[in-house]
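Working notes, structure below.
Protein chains in written order, with my numbering: chain D, 46 to 575; chain V, 46 to 575.
Here is the structure:
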């Protein structure tokens, strides 16, 4: 048996040629077939014949497709793109849509060797964006350049491992979303299996924002010992050429928590705007830490010249809030304008007088101010063809501390998936070298300034304790009784959980938030409305 | 063989007793365990020992659960409710959550015979609300009162049919959503299988609104010839006692298209408000057909005394629009108030003067008016503890003809899943006996009245042609090239499809719409944002 194995090994060695791959981590555009195909075509043109070029999942049509996957057009267009790519007679793996019997459609990867289609892997373990695809066959094996190759989707890999097929290289394509709390789970899992299967693994992910979703990149090549040998950056397009027979483990610096969020936010914002053909943003600057952080991300994403800060003080605004807001704009070098809300607020109080007369002031009067501010920002946006940046955070959104059609509005929410404590972390990180966020915005007690001397802590628990409960409840799914067991005060927990529950309907209309986690309110986490 | 069959039939006849069932079509409340359990407990108390009481899917905890199914509390609570029900020593089938190995949870039906658990069916074909449940075993069979019974979820029935098990009665529980375009598909399918399997079928559905979702009821009993013998009403709670050995085919009147929508809307609205502990609504009355229809549904759902109409004319409002709006309120007998937007509009123009100066009037000025109206309605709502009814329709929403944070806002949209042509149909049906909707609101050309002499048709194709294209594209998934083949004008189709695409981001923030169809924008139909 030992001799037989040696002969087989020898044969494999003799028949196997050098295997070169080029991994392409691109930023595709959903349903922009021309953009996606020409990007791939360019890459293939520059490639040698003996290089296997690898592109990610659904590269031809982009993703997420949602209900557009239900239309025939998309299959016709994608097929045409695929045929166009075959003309170049190069070798590649690319994500596309495959047609099955009886109008079934698969999320597929096609393997092309020098212009000839050699294999197809159809996704079996369908994910959140695959709702309109049928269940496919999973990972496929193929002989290429004398090597035993397996290729398919990363979601199908665990099933493949169980089949105990011997491979030299496993190629896994993906459209994996950024998750700020991810502890390299994907790398750890693949590393474990690389060692177990004694195989090299190539992982190819796309990069870029699509709507609220951010794809993180980080494509890599791993050796049989599960060590990373080559890696592409997070959040950046790029490619990497690898001679697979000659790879060595390397160390790669990883981004810190804050920088990951920052760069994800910048990429997400930029793509949200540019893929929707909008270049300009308008943002309300209150002097608080949220708007100060949001404007930094906005300026980085769209360019300083494309973002306008609007200061909208009222009689309840403190002097420091105006100064902090100005400083925030000046530190960043963006243009800002000051527009008082007093005239609109006074006119609205006068208008509402028949209704308000004889009643105690309540949220009605407070919300008028927030809505006047929304009105002003949207008027600027409509006039100059810009979109409004929302500045709310996830803590506020969780407990409904915001005004619908007021500060809850905006074309996109920059911080809506970040708890207040994360916003502070981000602010300090942004300020690591010099003061960009006014230090006072970080240090002072948060306030909505909708009445005299108002503090967030008048209505809410302090953010450090609130956020702990929110993370436990929303992210860790720790229920009421478990929270009490962990030592949180019963009354406090009841109050917070009640606020989360009664504000679900409100969250349905808040500005869509860039998704940084698995529990983003506008894309993931849902509670019953009633 | 013939003799053998006869002997078997004879034996079956001798061993089978009379089987009596009581079908309960209840309106459960999500996570209101006490409400659900006591309702069931009451029903069981009144039942004889030899009656099998049937309740629908997830009756103990309600549905949809969304992410609340991820918390342990819900399983503990539901188990306690289940144990409570066993005490009564009655016989019943009820929907609950079952715990499996390794923390798996199933959407389950438990079969209880005189207080003893006799069987469990766990859902295999998981649906849109089952995302946090594991795949179960499907329909189960059981011997009960000498009869061969099968029980389980309607979604699992087709799989069961393939197993060719002989049954006397099949009991199918469900949480099926209302769909205005449904042509009794469910009854037709079950009727076909009843004949094929020569079995009686009992179908039990829940009723009521949960958030935007409306469950329609229509539980029924079908004989072996696939004929309906007993049936509960759509949209109403109720129960029906059936002696299964003595059922006869009957004719049941069905509601017309308009009445189905009307009653679904009333039920949906009422439950949306009451299950959220809100009793009062405020609605803007423009004199147009949309607000005139929406207010009729609102008044029917909440009571005339609980709805306030607000007329908010501007200098662009025609005299007829004010008169029609008044007439709409007066015909209905609801209170209404008139609040001019002129002061807020003038103040906002003055405020925006530094920005607007020297520019051409555009949507910025128009939207200020819509937003001033939203501000006023929300101020009333905040002051009196009411919620705002949105009055937009699906045609407008599809092409983005509305103002975000203006007329697109509201706690719930009554007509957001109805195309304009459906709104007209509903208006005519409401007026069938006497004029409730002012005839002029139905007859006149629709207008947003945000500038002088504005008509919807200035910006949009006429609604009859627009709606045809929308139904083809959104509901039938007819793509661009197929639309052209069907004879629609290329330029027109391109324009409409472009509008649908570029307004996707806007639809994410529109008031959540009561769901009447499979393509409701806020619950079902999604396009990529970019």
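Idealized CB from N, CA, C, for every residue including glycine.
The model shown is predicted, which means the values in this text are computed figures rather than measured ones.
Check	Outcome
Limits of the beta strand (DSSP E) - the one that residue 178(D) falls within	Looking at the DSSP string, residue 178(D) is not in any beta strand (DSSP E), and its letter there is neither H nor E.
Proximal residues, the stretch 351 to 364 of chain D versus chain V, C-beta separation under 7 Å	none
Separation of residue 189(D) from residue 55(D), as counted between CA atoms	For residue 55(D), the predicted model reports a pLDDT of 49, less than 50, meaning its position is unreliable; a value from the coordinates is still stated below. Roughly 17 Å separates the two Cα atoms.
Cut-off 6 Å between Cβ atoms - residues of its own chain near residue 353(V), not counting five sequence neighbours on either side	327, 380
Of the residues 410(V), 555(V), 387(V), 390(V), the one placed nearest residue 453(V), counting alpha carbons only	555(V)
Contact residues within the stretch 401 to 431 of chain V, judged by C-beta distance below 9 Å to chain D	401, 404, 407, 408, 409, 410, 411, 412, 413, 416, 417, 419, 420, 421, 423, 424, 425, 426, 427, 428, 429
Where residue 450(V) falls: helix, strand or coil (DSSP)	coil
Where residue 319(V) falls: helix, strand or coil (DSSP)	helix
Three or more C-beta pairs below 8 Å linking the stretch 306 to 320 of chain D and the stretch 414 to 428 of chain D	no
Test: residue 539(V) CB closer than 8 Å to a CB of chain D	no
Cβ-heavy atom distance, residue 435(D) to the ligand MG, below 7 Å	In the structure shown, the ligand MG is absent, as is every other ligand, since no ligand is present at all.
Residue 27(D) at chain V interface by Cβ criterion, 8 Å	The first residue shown for chain D is 46 and the last is 575, placing residue 27(D) beyond what the model contains.
Check whether residue 168(V) and residue 200(V) have beta carbons under 8 Å apart	yes
Contact with chain V by residue 58(D), beta-carbon distance below 8 Å	Confidence is the limiting factor: at residue 58(D) the pLDDT is only 49, short of 50, which leaves the residue's position unreliable, though a coordinate-based value still follows. So, not an interface residue.
Stretch pair the stretch 198 to 214 of chain V + the stretch 243 to 253 of chain V: three plus CB contacts closer than 8 Å	yes
Residue 555(D) - DSSP class collapsed to helix/strand/coil	coil
Among 292(D), 398(D), 256(D), the one whose alpha carbon lies nearest that of residue 271(D)	292(D)
DSSP bridge partner residues for residue 194(D) (one or two, in chain order)	187(D), 214(D)
is_contact[residue 572(V), chain D] using C-beta, thresh 8 Å	yes
Within-8 Å CB hit, residue 260(V) to chain D	no
When 187(V), 178(V), 179(V), 174(V) are compared against residue 164(V), the one with the closest alpha-carbon	187(V)
Cα-Cα separation between residue 571(V) and residue 467(D), rounded to whole angstroms	30 Å
The stretch 446 to 460 of chain D contacting the stretch 516 to 523 of chain D, beta-carbon criterion three pairs below 8 Å	no
C-beta contact flag for residue 548(V) and residue 445(V) at 8 Å	yes
Pair within 8 Å by beta-carbon distance, residue 286(V) and residue 67(V)	yes
Residue 525(V) at chain D interface by Cβ criterion, 8 Å	yes
Complete runs of the alpha helix (DSSP H) confined to the stretch 81 to 142 of chain V [at least 4 residues]	118 to 131
Nearest-angstrom Cα separation, counted from residue 262(D) out to residue 260(V)	42 Å
Proximal residues of chain D, C-beta to C-beta of residue 231(V) below 9 Å	What residue 231(V) touches in chain D: nothing, since even the nearest Cβ is about 22 Å away.
Short Cβ contact (8 Å threshold) for residue 568(V) with residue 280(V)	no
Below-8 Å beta-carbon distance, residue 111(V) vs any chain D residue	yes
First and last residue of the uninterrupted beta strand (DSSP E) at residue 326(V)	326 to 329
Chain V within 8 Å of residue 553(D), Cβ atoms only	yes
DSSP bridge partner residues for residue 166(V) (one or two, in chain order)	154(V)
Segments of 4+ residues assigned as alpha helix (DSSP H) that fall wholly inside the stretch 375 to 417 of chain V	387 to 401
Under the three-state DSSP convention, the category residue 484(V) falls into	helix
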